[in-house]
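Below is one structure, written out as C-alpha cells; comments come after it.
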Amino acid sequence: MKSFKIPESVLVIIHTPALEVLLLERADHPGFWQSVTGSKDALDEALLQTAAREVLEETGLAVPPEAFVDWSITNVYEIYPDWRHRYAPGVTRNTEHVFSLCVAAGAAVRLSAREHTAFQWAPWQAAADLCFSGSNAEAVLLLPRFAGPRSPAGDESVRPV
Numbered sequence: 547m548k549s550f551k552i553p554e555s556v557l558v559i560i561h562t563p564a565l566e567v568l569l570l571e572r573a574d575h576p577g578f579w580q581s582v583t584g585s586k587d588a589l590d591e592a593l594l595q596t597a598a599r600e601v602l603e604e605t606g607l608a609v610p611p612e613a614f615v616d617w618s619i620t621n622v623y624e625i626y627p628d629w630r631h632r633y634a635p636g637v638t639r640n641t642e643h644v645f646s647l648c649v650a651a652g653a654a655v656r657l658s659a660r661e662h663t664a665f666q667w668a669p670w671q672a673a674a675d676l677c678f679s680g681s682n683a684e685a686v687l688l689l690p691r692f693a694g695p696r697s698p699a700g701d702e703s704v705r706p707v
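The opening residue of the sequence shown carries number 547 in my numbering; numbering runs sequentially from there.
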C-alpha cells in the first residue's frame, strides 16, 4: 500500500540576528528557492518536532524544539498539481504552520542532496523576492516583526551533524 504525505506541514524561516535568511534551491525544480519546509511524518507528530526534524534533514543542523519561535500563523493553500500525487486521492489543500529559528551567522549548513542543490544567505527583503512560494515570501517579509531581539541558538543548541 502506498504511503501518502500528510497535508499538514511546517515552514521554518532560518535567519541570523542581522535578518539574513537561509534559502535552499529545490533539486526537483532548479531556480525554485525556499525556506525549510516539510510535512508531518505521523498524525500525532508535534509541529515543533516536525520543524526540528525537517531542519535536521534539510540543513544538517540539530536543533532542539524549544529553539524555534512559533508565529501562530497558519496558511492553507492549494497543493501544486505537480505534487498532488504525493497525497491521498482527492487531497488538494495543505495546512502550513510558520516557525522561525535564529542561528549564528556562518552556521554550517549541510544540504540533503535528494532535496536541495544549493543554499544562500540573503537579506530578508531580497530573500522574499527570491522565494517561489507566495506563503514563503510573505513569511519572510514578516520576519522583522517575529525575530525581535532574540539571540541566536548557541553552540549548545545548534550543532551540525
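Heads up, the beta-carbon is just placed ideally off N, CA and C, and yes, glycines get one too.
Counting only runs of 3 or more residues that sit fully inside the stretch 643–696, the beta strand (DSSP E) segments are 662–669, in chain order. Close CB contacts of D616 within its chain, under the 6 angstroms cut and outside five residues either way in sequence, are with F645 (chain order).
H561 carries a strand assignment under DSSP once its states are collapsed to helix, strand and coil. Judged by their CB atoms, H575 and F665 are not nearer to each other than the 9 angstroms cut-off. Spatial neighbours of I619 in its own chain (CB-CB distance under 6 angstroms, excluding positions within 5 residues in sequence) are listed in chain order as V644. Beta bridge pairing from DSSP links L570 with Q580, F665. Taking every protein chain shown into account, the CB of P553 has 16 or more other CB atoms within 10 angstroms, so this residue is buried. Bounds of the beta strand (DSSP E) holding T620 are 615–624. Closest option to Y626, judged by alpha-carbon separation, among G680, A659, P669: G680. When secondary structure is reduced to three states using DSSP, E554 falls in the strand class.
Here the alpha carbons of R630 and R639 stand approximately 9 angstroms from one another. For L602, the enclosing alpha helix (DSSP H) starts and ends at 593–605.
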